[in-house]
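Engineer: First the structure, then my questions, so here it is.
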Amino acid sequence: MSSPKCRKGHLSFKAGYSQAGLRLLTTTAIVGLSSLAFMPLSVASAQQTTSRVSTARTFNIPSQPLASALNAFGRQSGLQVTLAAATSQGLRSTAVNGTLEPQQALAQLLSGTGISYRVSGGTALIGSPTAAGGSGGVDASGATVLDPISAFGSGPLGAGEIEISSEDLKQKNPANIADVFSGEPGISVGSSLPMSQKVYVHGIEETSLAVTMDGGRQNNKVFHHNGTNLIDPGLLKAVSVDAGVAPADAGPGALAGAIAYETIDPRDLLDADGFGGFVTSSYNFNSDTVTTGVSAYGMHEGLEFLGYFNFGKGNDFTAGNGKEVEGTSTNLLSGLGKLAYEFESGDRFEISHDRINDDAPRPFRANVGSISNPKPWEPRIRDYTLDRQNTVFTYTDSTPEGWWDPKLLLAYSKTEVDLPIFPKPGAGVPSTYDAIGTSDSFNGKFENKFSFDIGNVIAGIDFYSDKAELEDLYDPGAEKARNVGIYAQARLEPWERTRLSFGARGDNQHFTGTTGDEWTNSGFSGNVSGEYDLIEDLLTAKAGYSHVWAGIPLAENFIINPNWDYGQGPKPVTADNYILGLEANYNGFTVEGSVFQTDLDDARAPRFRADLGIAAHDVRSRGFEIGGGYNWGDGYFKVKYANIDVEIDGKPADSDVGTYLAAPAGQIITLQAIHTLTDWGVTFGADAEIALDYDDVAPGSKPLKGYEVFNAFVEYVPPERPNLTLRAELKNIFDETYSDRATYGQEFGNVTPLYEPGRSFILTARATF
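So that you can map any letter, position 352 of the sequence shown is 353 in this note's numbering, and since no number is skipped, the others follow by simple counting.
Pasting the structure below:
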């Protein structure tokens, strides 16, 4: 097995809680949460309760195409709006002005359209047009809607689209990014350590996708032994994935699709002006790990603020084989701050900053348990410090007029990895020294949405200035890239039962190598996708295609070589994506399937050697997904299956050649079931992931073994105290010894892969006020 040259590290982690101390802290936290939940309402809580009696807001929404009017309503009301397929086609809204309850404003906006709606859990659910004289209409007084449509959504998702909502995240209660994507067999997350987890969509590594956090560009190839984007899932309110075909406004570099992470806002937690907060604490018995999060937030006359801190401490976890996995302890601190102000004119300004720091001893190669032939002078573990931060400023207009619906975004993201390097002993060579790898990006965009009777067009310009730098005793160096792009994306309903999305972007990139040599390249990207209801409200066909030009990606920091021979320069990376699918829905039953293919051409994968700075590979991922489920109102059941074949240069992918490119995938089955006893406040559920044996491996590699993992949970929200949530989870019930399919090194005989935790019992308590 070959391996890229590795270096770097710093800062030791020695402090830890004793087992008894951890349990005492957890018990104290849970008792404190329970006391908080059952104690009399504080003044702040009483004020909040009073404020919720009246949730009136000031609305100023001119008459306009219904789709754009509902967008404005969502911004001004603070509600999320879901719109059934074809609902807005050819319709205009009624003007809404004045201080109204959101439900009254929505009723007034929809008056005369014959469209039904309901408001539930912070979401306005917009149904389909009703027949004349039907009972689904509403009046402007905000009267209760009769016979509302019971199941709403945005219609079938587009080709390759995956949406993980705030409700999905609540049910999953994710502890790491792998939990966020559980239940999606087409998305794998390698490694059991949050700091070394990487996301693979259809087997393609996330650095070939346009990844954003609150709209800010994230593309952090710092060190191949740690993850690309360390994210605290406690910050998230939603995640959307475009698998393969991504729109032009997803940003540059969407070679194999896009991932958009969105963090929580005060408007997600409060119905109107007021103040609130929450405290949450969990205890994992497998590793004696305590994780505690505290948040405070408020809204007052256009001003919004939110502060959130989360910290975790714990020991190494035990795998299913009963052995402790060295270097898996927890020492994590994360936070999110948001400040926004919306003027009476509708101009809204918001700034957010999130940061996460992981500082603990890790396996020498943090994505590998161990190797059988390490260099004699290397320790088994070394101290890693990983710090990621993201700052985003946005301007929007919550009262757009006509074709003026602008958005301005400026963002800065930075990821730093600090670790010790252990060079081969020799005369005059230090036994160890520190090295620091830093990737950062200053990026932004200005765009405007033009709304029409049949949909809208978003057009804009974006830019990024990225840098990858290594501070090293012997081989310091840096690469830089600057890019300016112009784009437009149309989303239309030109005919009944038909939805189209098509767009294009042009990019100009200026790349600077470690030697100071510079290259300028330009390219064009285009996409088209659509859905057609073969049988209205029953059967939908989907298709999509994209060609993407992404310029020259920066190299990983820790293999940067100041002496690379770039020759005529690295080639820009391009990709072609194809997807076809069908989805059927009937009386709560859903059946869906799709076939897909992604081709990456000249995907840059440099190694440290001087002549490998422009090394590149061709990557192909293809396969199919099928799934089905049933939703009975108080619960649902889902089963999905993915069969994914990944090749690099025409050969089966392996996780070493595929560093920053792709990983073996194979066949994955997921199952999920959840049911809520509403009157009792009890929700219980279970899920499973089954990976079949994978034999289509590269020559000389060993087959990957399959595994079966089952999890279950029960959650209780006392009906008389809805501000308290108690949850118990049992993960890996049957104590399976396994590594996630996307985890590095399973096909190599000299690697013990990083195992997932064995049976884990987790208790969580959450109180809001």
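Cβ coordinates follow ideal geometry from the N, Cα and C atoms, glycine included.
Note that the structure is a prediction, hence the values are computed from the model and not measured.
Rounded to whole angstroms, what's the CA-CA distance from Leu333 to Pro362? Just pull it up for me.
Structural biologist: Taking the straight line from one Cα to the other gives about 12 angstroms.
Engineer: Residue ranges of each beta strand (DSSP E) run of no fewer than 3 residues wholly in the region 261 to 317, ordered along the chain?
Structural biologist: List check, beta strand (DSSP E) in window: 275 to 285, 290 to 301, 304 to 315.
Engineer: Considering Cα atoms alone, identify which of Ala436, Thr433, Phe350 is closest to Phe394.
Structural biologist: For the residues Ala436, Thr433, Phe350, the minimum Cα distance to Phe394 belongs to Phe350.
Engineer: Excluding sequence positions up to five away, which residues of its chain have a Cβ less than 6 angstroms from the Cβ of Ala16?
Structural biologist: Here the model assigns Ala16 a pLDDT of 36, short of 50, so the residue's position is not dependable, and the following value carries that caveat. Same-chain partners within the cutoff: there are none.
Engineer: Rank Asp406, Val430, Tyr465 by C-alpha distance to the C-alpha of Phe453 and give the top, closest one.
Structural biologist: Of Asp406, Val430, Tyr465, the residue nearest in Cα terms is Asp406.
Engineer: Do Gly299 and Phe806 count as a contact pair if the criterion is CB distance below 7 angstroms?
Structural biologist: Only positions 2 to 770 of the chain appear in this structure, which leaves residue 806 out of reach.
Engineer: Note down, in chain order, each residue of its chain lying with its Cβ closer than 6 angstroms to the Cβ of Ile670, except the 5 sequence neighbours on either side.
Structural biologist: Correct list, in chain order: Tyr642, Ile691.
Engineer: Where Glu472 and Ser740 are concerned, what is the direct C-alpha to C-alpha distance, given to the nearest angstrom?
Structural biologist: Going by the C-alpha atoms only, they are around 33 angstroms apart.
Engineer: Tell me which same chain residues have a C-beta within less than 7 angstroms of the C-beta of Val97, skipping the five on either side of it?
Structural biologist: These residues qualify, in order along the chain: Phe60, Ile62, Ala106, Gln109, Leu110.
Engineer: For the 8 angstroms Cβ check, are there 3 or more pairs between the region 312 to 329 and the region 342 to 358?
Structural biologist: Not touching, per the Cβ criterion.
Engineer: Measure the beta-carbon distance from Lys415 to Asp398 and round it to whole angstroms, keeping in mind my assumption that it falls under 8 angstroms.
Structural biologist: Going by Cβ atoms, the distance from Lys415 to Asp398 rounds to 30 angstroms, so no, they are not a contact pair.
Engineer: If you draw a straight line from the alpha carbon of Tyr396 to that of Asp467, how long is it in whole angstroms?
Structural biologist: Cα-Cα distance, rounded: 23 angstroms.
Engineer: In three-state DSSP terms, what is Val246?
Structural biologist: Here Val246 sits in coil by DSSP.
Engineer: Is there contact between the region 633 to 641 and the region 229 to 249, where contact requires at least three CB pairs shorter than 8 angstroms?
Structural biologist: Touching, no, given that fewer than three Cβ pairs across the two stretches are closer than 8 angstroms.
Engineer: When DSSP labels each residue in this structure, what does Gln77 get in the three-state scheme?
Structural biologist: Correct three-state label for Gln77: helix.
Engineer: Please say whether Ile205 and Ser761 have beta carbons closer to each other than 7 angstroms?
Structural biologist: No, Cβ-Cβ distance for Ser761 and Ile205 is not below 7 angstroms.
Engineer: Any contact of the region 161 to 176 with the region 643 to 651, i.e. 3+ C-beta pairs under 8 angstroms?
Structural biologist: At 8 angstroms Cβ cutoff, the stretches do not touch.
Engineer: Could you have a look at Gln747 and say whether DSSP puts it in helix, strand or coil?
Structural biologist: Residue state, collapsed to three classes: coil.
Engineer: In this structure, how does DSSP classify Asn177 when only helix, strand and coil are distinguished?
Structural biologist: Here Asn177 sits in coil by DSSP.
Engineer: Pick out whichever of Ala251, Tyr745, Ile763, Tyr385 has its Cα sitting closest to the Cα of Lys199.
Structural biologist: That would be Tyr745, whose Cα lies nearest to the Cα of Lys199.
Engineer: Do the CB positions of Leu555 and Ala469 come within less than 7 angstroms of each other?
Structural biologist: Result yes, Cβ atoms of Leu555 and Ala469 sit closer than 7 angstroms.
Engineer: Would you say Arg767 and Thr290 are within 7 angstroms of each other, going by their C-beta atoms?
Structural biologist: Cβ atoms of Arg767 and Thr290: not closer than 7 angstroms.
Engineer: Asn558 and Val223 - do their beta-carbons sit closer together than 7 angstroms?
Structural biologist: It is a contact, given that the beta carbons lie within the stated cut-off.
Engineer: By Cβ distance, which residues of its chain are closer than 6 angstroms to Leu764, with the 5 residues on each side in sequence left out?
Structural biologist: Around Leu764: Tyr284, Ala729.
Engineer: Quick one: which unbroken beta strand (DSSP E) runs of 3-plus residues sit fully inside the region 199 to 245? Chain order, please.
Structural biologist: Counting whole runs of 3 or more residues, the region 199 to 245 contains the beta strand (DSSP E) stretches 199 to 202, 211 to 214, 217 to 219, 237 to 244.
Engineer: Counting along the chain, where does the beta strand (DSSP E) carrying Ala489 start and finish?
Structural biologist: 478 to 493 is the extent of the beta strand (DSSP E) around Ala489.
Engineer: Between which two residues does the beta strand (DSSP E) carrying Leu540 extend?
Structural biologist: Unbroken beta strand (DSSP E) run through Leu540: 540 to 550.
Engineer: Report back the beta-carbon spacing between Ala617 and Lys572 to the nearest angstrom; my notes put them in contact at under 8 angstroms.
Structural biologist: That belief holds up - the Cβ atoms of Ala617 and Lys572 are roughly 6 angstroms apart, short of 8 angstroms.
Engineer: Taking only three categories from DSSP, how would you classify Leu107?
Structural biologist: It is helical.
Engineer: Give, in chain order, every unbroken run of the alpha helix (DSSP H) that is at least 4 residues long and sits entirely within the region 693 to 760.
Structural biologist: If we require 4 residues or more, the region 693 to 760 turns out to have no alpha helix (DSSP H) run fully inside it.
Engineer: At which residue ranges does the region 629 to 664 contain complete beta strand (DSSP E) runs of 3 or more residues, listed in the order of the chain?
Structural biologist: Correct list: 636 to 649.
Engineer: Report back the beta-carbon spacing between Pro700 and Asn287 to the nearest angstrom; my notes put them in contact at under 8 angstroms.
Structural biologist: Actually they are not in contact, since the Cβ atoms of Pro700 and Asn287 sit about 38 angstroms apart, beyond 8 angstroms.
Engineer: Classify Ser69 as buried or exposed, calling it buried when 16 or more other Cβ atoms lie within 10 Å of its own Cβ.
Structural biologist: It is buried - the Cβ of Ser69 has at least 16 other Cβ atoms within 10 Å.
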